[in-house]
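**Student:** In this note's numbering, the protein residues as written are 0 to 133.
Glycine included, each C-beta is placed from N, C-alpha and C at the ideal position.
Dumping the structure here so I can ask a few things about it.
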């Protein structure tokens, strides 16, 4: 069933902080139902088992291109190396050198400063006006 997802940059602006998210990659070149992807399920089940909130989200919004959903999930923790939850997620997803442990997923931190570049997207009616010009 279709559902509306918030873009990760809109989430950052709403939270007023840097945000974390994971994006999944199609590893065989075929269309993927990301919600059924075993790796995505493994990661979201692990987050659930750790009591870490997450939600599906879109990538960074763009007025210049449309992107298909890539299974992204927002992880509701601050990007803070001192935060125990962040360190737990980072250790689960990444090797100590910052490379991913799981082929087919990438762990991102989106700085609020970058998300603010799209603050005009939050103006009432922005996307409706954009769609009318599309």
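Could you name the residues of the same chain whose beta carbon sits closer than 6 Å to that of residue 6, not counting the 5 residues immediately before and after it, in chain order?
**Tutor:** Hits under 6 Å: 57 and 60.
**Student:** Of all the options 67, 63, 74 and 39, which has the alpha carbon lying nearest to the alpha carbon of residue 50?
**Tutor:** With distances taken between Cα atoms, residue 50 lies closest to 74.
**Student:** Can at least three beta-carbon pairs, one atom from the region 99-118 and one from the region 3-22, be found at a separation below 8 Å?
**Tutor:** At 8 Å Cβ cutoff, the stretches touch.
**Student:** Going by CA-CA distance only, name the one from 8, 70, 89 and 131 that's closest to residue 79.
**Tutor:** Selected option, being the one with the closest Cα: 89.
**Student:** Among 63, 84 and 72, which residue has its Cα nearest to the Cα of residue 126?
**Tutor:** The option with the nearest alpha carbon to residue 126 is 63.
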